[in-house]
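For reference, the structure is listed below as structure tokens.
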Amino acid sequence: MTITEPVQSQTKYTGARIRRTEDPRLLAGRGQYIDDVTVPKMLQAAVLRSPHPHARITGIDTSRARALPGVFDVITGQDLAAVADQQPVIWFPIPEQRIARTHALAVDRVRWVGQAVAAVVATDRYVAEDALELIEVSYELLPVVADLDAALAPDAPKLYDDWPDNVSGSLTYRNGDADEAFASADLVVGGSFSHGRAFGCPLEPRGCIVNWDSFEGTLDVWLSTQSPNLARDLLAEVFDVPVHKIRVRTPHIGGGFGNKFDFYGEEVIAAVLSRRTGRPVKLLEDRAESFVATGHSRDQRLDFEMALSQDGTILGLRGTSYGVLGGALGTVGSGPPWASVLTSMGPYKIPNLELHLKAVVTNRAPYGSYRGWGAPKGNLVHERLIEMAARELGMDRAEIRRKNFPAPEEFPYFTGAIFTYDSGRYADCLDLAMSKVDELGWRERQAEARAEGRHVGIGYSFHIEPSGYGPSRILNLAGLAHSGFDEAVVRMDSGGKVTIYTGQINIGQGTHTIYSQLAADTLGVPMDDVVVVTGDTDSCPYTGYGTGGSRAATLGGAAILRASERLRGKVFRVAAQLLEASPDDLQIDSGTISVRGTSGPSVTTRDVGDAAYRRLLDRLPDDEMPTLEEVDVFDPVNMATSFGCAALLIEVDPETGTVSMLDCLQAHDCGTVINPMLVDGQLAGGLAQAMGGALLEELVYDEEARLRTGSFRDYLLPTATDIPPFHFYHQETPAPDIPGGMKGVGEAGTIAGVSLVASAIDDALTEFGVTVTRFPVTPPRLLEQIREATSHKEGSQ
Amino acid sequence: MKPAAVGYARAGDVQEAVALLSQHGTDAKVLAGGQSLVPLMSFRLARPSVLVDLNRVGSLDYVRDEGTSLLVGAMARQRDVETSPLVAEAAPLLAEALRHVGHVTNRNRGTVGGSLAHADPAAELPTLVTGLGGELLVEGPAGPRSIAAENFFVGPFTTAMEYNEVLTAVRLPRLPAGTGVAVEQLARRHGDLAMVGVVAAVHLGPDGSVDLVRLAASGVGPVPVRLHAAEAVLVGAPPTDEAIDDAAATVAAAVRPPDDIHAPGSYRRDMAGLLLKRAVKTAIQRSEASA
Chain G
265 MTITEPVQSQ TKYTGARIRR TEDPRLLAGR GQYIDDVTVP KMLQAAVLRS PHPHARITGI
325 DTSRARALPG VFDVITGQDL AAVADQQPVI WFPIPEQRIA RTHALAVDRV RWVGQAVAAV
385 VATDRYVAED ALELIEVSYE LLPVVADLDA ALAPDAPKLY DDWPDNVSGS LTYRNGDADE
445 AFASADLVVG GSFSHGRAFG CPLEPRGCIV NWDSFEGTLD VWLSTQSPNL ARDLLAEVFD
505 VPVHKIRVRT PHIGGGFGNK FDFYGEEVIA AVLSRRTGRP VKLLEDRAES FVATGHSRDQ
565 RLDFEMALSQ DGTILGLRGT SYGVLGGALG TVGSGPPWAS VLTSMGPYKI PNLELHLKAV
625 VTNRAPYGSY RGWGAPKGNL VHERLIEMAA RELGMDRAEI RRKNFPAPEE FPYFTGAIFT
685 YDSGRYADCL DLAMSKVDEL GWRERQAEAR AEGRHVGIGY SFHIEPSGYG PSRILNLAGL
745 AHSGFDEAVV RMDSGGKVTI YTGQINIGQG THTIYSQLAA DTLGVPMDDV VVVTGDTDSC
805 PYTGYGTGGS RAATLGGAAI LRASERLRGK VFRVAAQLLE ASPDDLQIDS GTISVRGTSG
865 PSVTTRDVGD AAYRRLLDRL PDDEMPTLEE VDVFDPVNMA TSFGCAALLI EVDPETGTVS
925 MLDCLQAHDC GTVINPMLVD GQLAGGLAQA MGGALLEELV YDEEARLRTG SFRDYLLPTA
985 TDIPPFHFYH QETPAPDIPG GMKGVGEAGT IAGVSLVASA IDDALTEFGV TVTRFPVTPP
1045 RLLEQIREAT SHKEGSQ
Chain C
2 MKPAAVGYAR AGDVQEAVAL LSQHGTDAKV LAGGQSLVPL MSFRLARPSV LVDLNRVGSL
62 DYVRDEGTSL LVGAMARQRD VETSPLVAEA APLLAEALRH VGHVTNRNRG TVGGSLAHAD
122 PAAELPTLVT GLGGELLVEG PAGPRSIAAE NFFVGPFTTA MEYNEVLTAV RLPRLPAGTG
182 VAVEQLARRH GDLAMVGVVA AVHLGPDGSV DLVRLAASGV GPVPVRLHAA EAVLVGAPPT
242 DEAIDDAAAT VAAAVRPPDD IHAPGSYRRD MAGLLLKRAV KTAIQRSEAS A
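Chains as they are written, first to last, in the numbering used here: chain G, 265 to 1061; chain C, 2 to 292.
This is the structure in structure tokens:
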């Protein structure tokens, strides 16, 4: 491809720091989240969850719960299984993988703490929760598989009796000759990297309202989801109801982070309860439930090694990524651990690869989607290993990275395993970050601190973010039972104003704002003239995947751009008739259309709308269909891979193992930047979540597979006081395969941030020789590492 | 997370609260600021039959100068106490410790008495009162009585109060002018209950040796621990690094911290000694600064 210099914006809105149009309502507390939605005659449900990690259900007595005044119905797994299929799985990246599916309510066996076993529907949630206490479940306890090692032990108890072991599936990608590369290498560095369980933890937990109309055979669903089309298709599968009989609407969503992409049992439970009672049923996940019922993620161990030559050239990478799945597969199956393998080479040219994936079931909650979707752990592999290599070789950390980047002219660049990166100027981005580290004076701050005996370090992370998931047929080939295209409708009405209909969902990332920017620029109308409608499968078009995979700006935006371009053509053709001019000679500015280069008469989009909808005679060209509407379906030929280089200034207290993050920056390239303020927000939010994962957040299971983190007292999200200041710098290398040139940015920070913290800690503790490999890095864990390094050093002296 | 049904009774004064508690028995609970009790009720981990609400008992919301001591009413809001000029002057360690209690929004509502009666061994106020040798004033059917801090906290979330007694105030000794104070904590995040914490107050005599020292640790056992052995090492001695190290070395034997998901007990034990050193040094610096 040709390398384009930063885009000089010719347009009004794209590239401008425009405040989000979505925010005032939400900031004023006037949003309408799922808990705010009420429908007539609605009942409320609650779910009884297993207190045991692994047990056979030998009996359930619901009679006392049924007798409680205010209770309408109580259902068990057997009641549910009579009308609903098992929960669907849509990702099958591993051929011949054993797919562990389960009903939304456990039928005869529970395999994780928190698995749903019964549900109550009552006049209100208080009564429903009272009734839960009256349900008596008899369990016969089974031996547990608490973690990865327990699952892989030779004599491990099995979660599924008809499996030979607890391995759901394995897969290997090979490219070149890894054995030869390692045999001939000057240096091999390796490590076992593990990331604890964490989850996206939106401040608004999940929820739904389902109204099953038995007369029409329809399901009317309110759902806090990022993927209403997927939910609709999967509800149709689970209940064998035609898709067109199901309507899914979304209210405002208080954070999504991927886990609201997935399809959950609660929407099925609510549907069954509604069908049985003939009443709409609301089922909200409360905060405590969210820790066991929203998809967990990140839980992985990655044993990898990297082969290099003396000059720092990477020769090979090999290793195994163990996905620690739960007691059943979530909607995306083993997708995220698979993506870790595919991103483990990161931005580096590594000719010889041998990459293994092993997906293992345990008595933990199911594994689901979380912003980054595997890539944060792929990033740990390449960024940890390249820093270890730099240390061994005595090379500068920037230099060794720069040495292994593909050059801009080498794109599109095939990684050796599935992904082809579309475009990139990696070295420029690295240089941008390094120059900002200098400008901000971090090296001086570090030197001064070290002179005072303090332990201050600078860390780096270079990341790639495969975004715009993805070409439908390639996704199908890779094992996805779903597509990746995006559809948009752009309509100008009889008054000349514009409405965009899209299947993308706003989860706080600002889609409504950027879609208005893109359409307003393309159509030549004021941004205020554009309304964006989302969140209703009856009125909005289909999106192949949903809002995930960093595709809202890239694919949703591209479809809107293309539809808007065609609509502008029609607007010009109608205007040409009104102006008695040629469409090719027209221009539009702020909704006023005139002949280019003249000061003659003009018409407005309002005139065009009137001509296309109402007073057509002599005004709408005879060969034009009435109305002004264009549909576009965009299915990319390749994904768009954005990239960035982050740096972090950190201080470690080696006596306590505590870490303070002092300052942070990220140089980033997501192609065309539609709105720098929103891109900054995406980067900051992602980095904050990664810092939580690096230092604070962990869903802790004990040796009995019981979850010990059941509230915000123990599951520690970073707050504003726990994150450093952020500085962001953009370079723009437009995506060659995406109209508009946008690349995704939603996951950048989460991908880069964990290895970033590790790199900074290592640098701060240079004198001890610590290499951080286990996350989160808690103070006791880090102190133990420091002490071990110290005693090792003393022992060797 | 909806609490089970609960009765509610509003007490107009302390005597009425005591009568209500006597009437409803051991399942009744006193409601003060609600910052710990209400979440526990939402988890249904606490299921009181009746809440006896003290929020209208205005006579318990005060901070009073008693000359050699400071008396803080049980219903005084933590934020009011934290920002009280009288507290800053008479018991600066109390103000310092309160800054570590939750977040400002919690302290606006949370009360001094509520935190003490809740008796969380990781919390700041029980540790502070233990360290300063304060006394807790309680009132029951037989009238008022006073309990020394070290006898008041008897286990995690358990105090020496009878079910029908109400905590009415806490009395803290006024420390001599020039006493330096410090609170050192290791918390995972700002505003969290600390994994381990130490409070210190140190006063130096005219010859520069320690003539008064008060030390206590939180998060190191079932109750806050007054570090008597460490105090004994320091008192009467010049506050050299060596003396402070010796004092810190006594901590390991004085505490038996539990393991939890945030830290193993051994970490807490080691850190208690380290924090003691840091707290004592800071307190001494401040003491010299104010002398």
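Every residue, glycine too, gets a C-beta built ideally from N, C-alpha and C.
So is residue i in contact with chain G if we call contact Cβ pairs under 7 Å?
{"i": "residue 191 of chain C", "result": "yes"}
{"i": "residue 278 of chain C", "result": "no"}
{"i": "residue 292 of chain C", "result": "Note that residue 292 of chain C scores a pLDDT of 49, beneath 50, so its modelled location is shaky and nothing firm can be said."}
{"i": "residue 63 of chain C", "result": "no"}
{"i": "residue 2 of chain C", "result": "yes"}
{"i": "residue 264 of chain C", "result": "yes"}
{"i": "residue 275 of chain C", "result": "yes"}
For residue i, does the three-state DSSP call read helix, strand or coil?
{"i": "residue 457 of chain G", "result": "strand"}
{"i": "residue 939 of chain G", "result": "coil"}
{"i": "residue 488 of chain G", "result": "coil"}
{"i": "residue 120 of chain C", "result": "coil"}
{"i": "residue 921 of chain G", "result": "coil"}
{"i": "residue 1062 of chain G", "result": "Here chain G has residues from 265 to 1061 only, and residue 1062 of chain G is not among them."}
{"i": "residue 446 of chain G", "result": "helix"}
{"i": "residue 1006 of chain G", "result": "strand"}
{"i": "residue 342 of chain G", "result": "helix"}
{"i": "residue 602 of chain G", "result": "helix"}
{"i": "residue 738 of chain G", "result": "helix"}
{"i": "residue 373 of chain G", "result": "strand"}
{"i": "residue 556 of chain G", "result": "helix"}
{"i": "residue 906 of chain G", "result": "strand"}
{"i": "residue 11 of chain C", "result": "strand"}
Given this structure, state the Cα-to-Cα distance separating residue i from residue j, to the nearest angstrom.
{"i": "residue 442 of chain G", "j": "residue 938 of chain G", "result": "42 Å"}
{"i": "residue 893 of chain G", "j": "residue 789 of chain G", "result": "15 Å"}
{"i": "residue 282 of chain G", "j": "residue 1007 of chain G", "result": "19 Å"}
{"i": "residue 705 of chain G", "j": "residue 580 of chain G", "result": "36 Å"}
{"i": "residue 440 of chain G", "j": "residue 620 of chain G", "result": "15 Å"}
{"i": "residue 195 of chain C", "j": "residue 14 of chain C", "result": "35 Å"}
{"i": "residue 968 of chain G", "j": "residue 566 of chain G", "result": "23 Å"}
{"i": "residue 647 of chain G", "j": "residue 395 of chain G", "result": "51 Å"}
{"i": "residue 136 of chain C", "j": "residue 175 of chain C", "result": "13 Å"}
{"i": "residue 270 of chain G", "j": "residue 675 of chain G", "result": "Only weak support is given to the placement of residue 270 of chain G: the predicted model assigns it a pLDDT of 39, under 50, and the question is left unresolved by the model."}
{"i": "residue 274 of chain G", "j": "residue 1005 of chain G", "result": "Reliability fails at residue 274 of chain G, whose pLDDT of 47 lies under 50, so the model's placement of it is uncertain and the value that follows must be treated cautiously. Near 15 Å, if we compare the C-alpha coordinates of residue 1005 of chain G and residue 274 of chain G."}
Counting only beta-carbon separations shorter than 7 Å, does residue i have a partner in chain C?
{"i": "residue 552 of chain G", "result": "yes"}
{"i": "residue 302 of chain G", "result": "no"}
{"i": "residue 986 of chain G", "result": "yes"}
{"i": "residue 297 of chain G", "result": "no"}
{"i": "residue 377 of chain G", "result": "no"}
{"i": "residue 330 of chain G", "result": "no"}
{"i": "residue 964 of chain G", "result": "yes"}
{"i": "residue 544 of chain G", "result": "no"}
{"i": "residue 558 of chain G", "result": "no"}
Compare the C-beta of residue i against all C-beta atoms of chain A and say whether one is closer than 7 Å.
{"i": "residue 393 of chain G", "result": "This model lacks chain A altogether, as its protein chains are G and C."}
I'd like to know whether the C-beta atoms of residue i and residue j end up nearer to each other than 7 Å.
{"i": "residue 640 of chain G", "j": "residue 1021 of chain G", "result": "no"}
{"i": "residue 725 of chain G", "j": "residue 839 of chain G", "result": "no"}
{"i": "residue 412 of chain G", "j": "residue 586 of chain G", "result": "yes"}
{"i": "residue 560 of chain G", "j": "residue 629 of chain G", "result": "yes"}
{"i": "residue 471 of chain G", "j": "residue 391 of chain G", "result": "no"}
{"i": "residue 824 of chain G", "j": "residue 490 of chain G", "result": "no"}
If I'm right that residue i touches residue j with Cβ under 8 Å, what's the distance once you round it to whole angstroms?
{"i": "residue 932 of chain G", "j": "residue 992 of chain G", "result": "7 Å"}
{"i": "residue 434 of chain G", "j": "residue 474 of chain G", "result": "Not a contact, Cβ separation roughly 38 Å."}
{"i": "residue 821 of chain G", "j": "residue 779 of chain G", "result": "7 Å"}
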